[in-house]
Amino acid sequence: MWIAATLIASLAQTGRNAAQMGLTARIGTMGATGVRFVFGLPFALLFLAMAALAGPVPVPDATVFGYAALGAVAQVAATALMLTAMRHRGFAVATALIKTEPVTLALMGWAMLGDALSPQRALAILVATLGVLMASGRGWRRAAPGPALLAIGAGALFGLSAIGFRGAILALPEGGEVVRSTTVLVITLALQTAMVGAWLALADRAALRGMAAAWRESLGAGFLGALASQFWFIAFALTPAANVRTLALVEIAFAAAISRHRREAMSPTQLAGMALILIGVAWLILAGASG
């Protein structure tokens, strides 16, 4: 189930990133960052109402709110860094560098949540991450230090946010994976909407007006963001976050394959990188099944 949830989340997230990138030029980085939260919250509330039909909604305590706040703040910062890096270095290069996230995420999950980090899991994550860099071509090597560090920093913050979200889900006292995941999703988006909304109201009212003017595009990005987060959170409830983010690396292989079909042949290094991604992901799944 966590594999299916991760793949659905990856597809929705790819669409959301593209939609946010298109909005950045029109309403600015913080405006495009806020879209996924402000316009995603109503959809999360709808998801929770649907989940509540199957059983009671768990009551969060201070620990849940603490983990959710950690994840919320880290994700807002990561999204802003990601969009900034994409503006400077382009979608493909920034995405490749952000996808170094599973390495730091595995270490943080082990240190903060006690998630198991066996030698097999660690090697599988490293193999898949190396494959990402190889499959993405040489663009990431030519990235200037500043934008490259922004992208890597965004990846680390996305990893920290995943730790916060998984910690909040595990801290809820009752309920199945779906209702607990959706409860944390609503808490998280409410916190993020309050933070980003307050910032924009004080410092960038033009972005708020831009979000309202581009409401159709913003609504689409918000829906895709909420949908992606819903399935990320379900996956986090079922397995360590590093497993989820490593499996999500297959989107790089898919994107590279589409790029080859539409534009140009891939180099032997890129083909080898795709193979490493698939080997690392398969290794991770087998390690999880045997463990």
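All residue numbers for the sequence shown refer to our numbering, where the first residue is 1 and numbers rise by one.
Cβ coordinates follow ideal geometry from the N, Cα and C atoms, glycine included.
Start and end of the alpha helix (DSSP H) containing Met1?
As a position in the sequence shown, residue 1 is number 1, starting the count at 1. Careful: Met1 lies outside any alpha helix (DSSP H) and carries neither H nor E.
Arg298 classed as buried or exposed, judged by whether at least 16 other C-beta atoms fall within 10 angstroms:
Given a span of 1 to 291 for the chain in the structure shown, any question on residue 298 remains unanswerable.
Could you tell me the alpha carbon to alpha carbon distance between Phe65 and Phe165, rounded to whole angstroms?
Stepping through the sequence shown from its first residue, residue 65 is reached at position 65. Stepping through the sequence shown from its first residue, residue 165 is reached at position 165. Distance between the alpha carbons of Phe65 and Phe165 is about 10 Å.
Ser10 burial status per 10 Å Cβ neighbour count (16 or more: buried):
Along the sequence shown, read from residue 1 onward, the residue named residue 10 stands at position 10. Ser10 comes out buried.
Validate contact between the stretch 178-185 and the stretch 231-244 using beta carbons, cut 8 Å, 3 pairs
Flag = yes, the stretch 178-185 and the stretch 231-244 touch.
Helix, strand or coil at Glu217 according to DSSP, with G and I counted as helix
Within the sequence shown, residue 217 is the residue found at index 217, counting from 1. Secondary structure of Glu217 (DSSP, three-state): helix.
The stretch 20-34 / the stretch 208-222 touching (three or more Cβ pairs under 8 Å)
Inter-segment contact for the stretch 20-34 and the stretch 208-222 is present: three or more beta-carbon pairs are separated by less than 8 Å.
Hey, would you say Glu217 sits closer than 8 Å to Gly155, going by beta carbons?
Looking up residue 217 in the sequence shown gives position 217. Looking up residue 155 in the sequence shown gives position 155. By the CB criterion at 8 Å, Glu217 and Gly155 fall outside the cutoff.
Validate contact between the stretch 31-45 and the stretch 110-128 using beta carbons, cut 8 Å, 3 pairs:
By the criterion of at least three beta-carbon pairs nearer than 8 Å, the stretch 31-45 is not in contact with the stretch 110-128.
Alpha helix (DSSP H) runs wholly inside the stretch 24-87, at least 4 long, in chain order
The stretch 24-87 contains these whole alpha helix (DSSP H) runs: 29-38, 41-52.
Can you find the residues in the same chain that come closer than 8 Å, C-beta to C-beta, to Ala4, ignoring five residues on each side of it along the sequence?
Start at 1 with the first residue of the sequence shown, and residue 4 comes out as number 4. Answer for Ala4: no residue qualifies.
Would you call Asp115 buried or exposed, if buried means 16 or more other Cβ atoms sit within 10 Å of its Cβ?
Here residue 115 refers to the residue found at position 115 when the sequence shown is read from its first residue. Buried, by the Cβ-count rule.
Would you give the residue range spanned by the alpha helix (DSSP H) that Thr297 belongs to?
Look at the range of the chain in this structure, 1 to 291, and you will see that residue 297 is not part of it.
Alpha-carbon spacing of Val59 relative to Ala52, whole angstroms:
As a first step, residue 59 must be located in the sequence shown, where it is residue number 59. As a first step, residue 52 must be located in the sequence shown, where it is residue number 52. Cα to Cα, Val59 sits roughly 12 Å from Ala52.
State yes or no: is the C-beta of Arg16 within less than 8 Å of the C-beta of Gly225?
Residue mapping note: residue 16 aligns to position 16 of the sequence shown, counting from 1. Residue mapping note: residue 225 aligns to position 225 of the sequence shown, counting from 1. Their beta carbons are under 8 Å apart, which means Arg16 touches Gly225 by this criterion.
Please state the DSSP three-state secondary structure of Ala212.
By 1-based counting over the sequence shown, the position of residue 212 is 212. Of the three classes helix, strand and coil, the one that applies to Ala212 here is helix, per DSSP.
Cβ-Cβ distance between Leu200 and Gly55 below 8 Å:
Within the sequence shown, residue 200 is the residue found at index 200, counting from 1. Within the sequence shown, residue 55 is the residue found at index 55, counting from 1. No; because the gap between Cβ atoms is not below 8 Å, this pair is not in contact.
Spatial neighbours of Pro268 within its chain, please: CB distance less than 8 Å, with the 5 preceding and 5 following residues excluded, ordered by chain position.
Residue numbering aside, residue 268 sits at position 268 when the sequence shown is read from its first letter. Sequence-distant Cβ neighbours of Pro268 in its own chain, meaning closer than 8 Å and more than five residues away, do not exist here.
Ala68 to Val184, Cα distance in whole Å?
Taking the first residue of the sequence shown as position 1, residue 68 is located at position 68. Taking the first residue of the sequence shown as position 1, residue 184 is located at position 184. Across the structure, Ala68 and Val184 are spaced so that their CA atoms are roughly 7 Å apart.
Roughly how many angstroms lie between the CA atoms of Glu264 and Met274, to the nearest whole one?
In the sequence shown, the residue the question calls residue 264 occupies position 264. In the sequence shown, the residue the question calls residue 274 occupies position 274. At Glu264 the pLDDT is 47, less than 50, meaning the model places this residue with poor confidence and gives no usable figure here.
Please report the straight-line C-alpha distance between Gln172 and Asp61, rounded to a whole angstrom.
Position 172 of the sequence shown, counted from the first residue, corresponds to residue 172. Position 61 of the sequence shown, counted from the first residue, corresponds to residue 61. A small fix is needed here, since residue 172 is Leu in this sequence, not Gln. Between the alpha carbons of Leu172 and Asp61 lies a distance of about 8 Å.
Three-state secondary structure assigned by DSSP to Gly15
For the purposes of this step, residue 15 is taken as the residue at position 15 of the sequence shown. In this structure, Gly15 counts as helix in the three-state DSSP scheme.
Can you tell me which of the three DSSP states Leu298 falls into?
The structure shown does not extend to residue 298, since the chain is modelled only from 1 to 291, so the question has no answer here.
Kindly indicate which three-state DSSP category Glu177 falls into: helix, strand or coil?
The residue you call residue 177 lines up with position 177 of the sequence shown. The answer is helix: DSSP assigns Glu177 an H, G or I state.
So is Ala213 buried or exposed if we call it buried at 16+ other beta carbons inside 10 Å?
If you number the sequence shown from 1, residue 213 lands on position 213. With fewer than 16 other Cβ atoms inside 10 Å of its own Cβ, Ala213 counts as exposed.
Same chain, Cβ closer than 7 Å to Glu174, five either side skipped, listed in chain order
Here residue 174 is taken as the residue at index 174 of the sequence shown, counted from 1. Closer than 7 Å at Cβ, skipping near neighbours: Pro58.
Taking 7 Å as the limit between beta carbons, can you name the residues of its chain near Val13, skipping five residues before and five after?
As a first step, residue 13 is located in the sequence shown; it is residue number 13 there, counting from the start. With the sequence shown as reference, residue 13 is identified as Gln, and Val is not the correct amino acid for it. So the qualifying residues of the chain are Ala228.
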